[in-house]
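Numbering (the UniProt record's numbering), first residue to last: 1 to 779.
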């Protein structure tokens, strides 16, 4: 091999040497470039630490360093990962599962950039001509509806909810905290000289009430000393509308938004009918359709409409639009409409929407990093996802995927398996090589790739039924369904088939106490942790206080015990103006977050920082107290034994957040529980543990409903309700209701076909029969 060939060969691999980020233990390995590599392993084994916190972070950090300091200050900031060397990195694009978020002005159309193409189409081919592209944007004053400012809905204020008529203005008659007594907003009324500030509102005349609520645009004749001389009077309702219900409201504090919900009612804008656009934009048509009608169509239907446009002026735009819509459909999102607001998308949907942006890219030599892209996908859609990832690879890119799904692992060119356990028991590479070798490796992943799944031998008998009749929400079209109580029910179907809609319509109305355990973020600050969420922190602090004869507040990093230098955060962030801010471990406490006085005290030989740094599993051995031990046992039972007690909740994945919520309800007994894809983020070896937890809830007298794609969970359920046959307008029907074993016989169910082909622990004859049935139904 000549020198050039040798250099090329060396640069065909990403080299990681001595990686020590989080729980990684001096990991050294090589990742082949131009290949699809899947990184797997049990939850907490170090997958994300290797892929995201090491490889991706260093690639993006070095790329950011190529920009001027002024630009770098406006880019995400990445610290240098703990590793001896990282070599041969390429520019990295991370496509994770963080929800797209945004506000009501962010839609699928804007996120995928299909919306701008559609606006351009109407500016060129729409009749009558009403203007250029911004004239069709609900986010631009030239296109938005003036009544609702492009939101499609208007807010009305219920004065009877806003006001407490038994109180005076000085007593807090306005039930909205920005107008609380003593505040400057309330003084705009109490200092007008127009009202008796100590008179209950019920004693006001009709004219006084009208002035308080509605009048505006005049100067008070005899104002008090606190009235601004240059100001004009503005009634309470127009002031709230202007200050809190218009575009300025989009960044209001969550607590203020929550208060608004108590006295504000929302309805479709009467001016635009919810279309968000002004009359001029809605008058322009292409092939008889307005742009609002197009954005309200599902992607699959819109693609058909776009392909039918024959105007030669639009030929280029039609081709570009069709390509983008095809990409959206190819990732299993053909049921979405372009006007769907992005905050309503799930994590899996958000990830696939982001992925659509990259499908038409001409870039090569990139590294695409995906975080469990199969999350939220029915097995039928995973095959389409696999084709997409292979397309990215075949264009000359490196694709690095963190994943548990068997079907995704099966297409890998290279597999890296982390383990052997979680947390301190993980952080090493237990296998790397091809898929066939993984199945023979004997690792936790390898064993479950080859293992068969047993269906429940004796499904439980329902205790009763929750009956839903004529459900019509979203894509449900007069659906009748019966959900059993006292058993474990799996609600299945392709993404967008109506699973979540049906469950949300069925259970909560029948039982307001139904506990919905989803993957949404847990409220709290960056100081929130498993210890605070489960309520064990206060008992731990009291134990330290009793053992040392000092106040419990001394053992709170947010109170008397916090390090005075870093405020109990453990780090110091230095703002360097136009340079990148520098985050460093606090020198005073060494990252421990507590003051020297707090750290001086011990409980069973450990200080407070050492105790809170224990993993849940280790803390179970450390604490036997009845006010602490049960909560830790529940966390360990749901597979979170590797988390440290003080790990910030903001760092948890969606699946971890759901399981920590599940741990909080384990000992309730009885009740009804809805879980939305609880296996998200779970290694197959942990799925059995999760099923044991769900069985425990049922055995305590509860009713458990899981919205799930995982075939092992479906096979182990007592009852299955399958919706479909497709997503969106093609779904919304109950295809099957019954035992899992019978679902595999259902010819109309995509879930049944995949369940039939799944590896079961059955007799040889039964396996042959199932395989023959799967082949016939698939054909």
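In this text, a Cβ means the ideal position worked out from N, Cα and C, and glycines have one as well.
Following the DSSP letters along the chain, one finds residue 534 inside the alpha helix (DSSP H) bounded by residues 530-534.
Taking C-beta atoms as the reference points, residue 419 and residue 430 count as a pair closer than 7 Å. Residue 214 counts as exposed, since fewer than 16 other C-beta atoms from the protein chains shown sit within 10 angstroms of its C-beta. Counting C-beta pairs with one atom in each stretch, the segment 367-379 and the segment 397-416 have three or more that are closer than 8 Å, which means they touch. Cα atoms of residue 108 and residue 158: separation of roughly 32 Å, rounded to the nearest angstrom. If you look at residue 61, you'll find it in the alpha helix (DSSP H) that goes 57-64. Residue 710 sits away from residue 749, with the two beta carbons spaced by 7 Å or more. Selection 306, 639 and 703 evaluated against residue 683 yields 639 as nearest (Cα-Cα). The secondary-structure analysis by DSSP pairs residue 156 across a beta bridge with 265. Contact between residue 302 and residue 294 holds, since their C-beta atoms are separated by about 6 Å, short of 8 Å. Secondary structure at residue 375: coil, using DSSP grouped into helix, strand and coil.
According to the DSSP assignment, residue 484 belongs to the beta strand (DSSP E) that extends over 479-485.
Contact between the segment 612-627 and the segment 656-671 is absent: fewer than 3 CB-CB pairs across the two stretches fall below 8 Å.
The C-beta of residue 694 has 16 or more other C-beta atoms within 10 Å across all chains shown, which makes the residue buried.
Look at residue 618 here: in three-state DSSP terms it is helix. In the three-state reduction of the DSSP assignment, residue 105 falls in the coil class, being assigned neither a helical nor a strand state. Following the DSSP letters along the chain, one finds residue 216 inside the beta strand (DSSP E) bounded by residues 216-218.
Going by beta carbons, residue 268 and residue 153 fall inside the 7 Å limit. Collapsing the DSSP output to three states places residue 674 in a strand.
Residue range 184-190 is occupied by the alpha helix (DSSP H) that includes residue 190, with no beta strand (DSSP E) assigned at that position. In terms of CA proximity to residue 16, 85 leads the group 75, 85, 49 and 278. Within the segment 294-380, the complete beta strand (DSSP E) segments of 3 residues or longer fall at 367-371, listed in chain order. By the neighbour-count definition (other C-beta atoms within 10 Å, threshold 16), residue 11 is an exposed residue. Residue 644 is bridged by DSSP to 615.
Under the DSSP assignment, residue 449 falls in the alpha helix (DSSP H) whose first and last residues are 444-450.
If you look at residue 122, you'll find it isn't in any beta strand (DSSP E); it sits in the alpha helix (DSSP H) that goes 114-125. The shortest C-alpha to C-alpha distance from residue 236 to any of 328, 313 and 174 is the one to 174.
DSSP places residue 87 in the uninterrupted beta strand (DSSP E) bounded by 85-87. Here residue 700 carries a coil assignment [DSSP, helix/strand/coil]. Annotation for residue 220: 192, 193, 194, 227 and 233 place their beta carbon closer than 8 Å to its own, counting only its chain and skipping 5 residues before and after. Inclusion of residue 399 and residue 755 in the CB contact set at 7 Å is not warranted, their separation being larger than that value. In terms of Cβ geometry, residue 595 and residue 561 form a close pair [threshold 7 Å].
Taking residue 478 as the centre and dropping the five residues before and after it, the same chain places the C-beta of 470, 471 and 472 closer than 8 Å to its C-beta, in chain order. Under the DSSP assignment, residue 28 falls in the beta strand (DSSP E) whose first and last residues are 27-32.
By the beta-carbon neighbour count (other beta carbons within 10 angstroms, threshold 16), residue 344 is exposed. Between residue 318 and residue 352, the gap from beta carbon to beta carbon reaches 7 Å or more.
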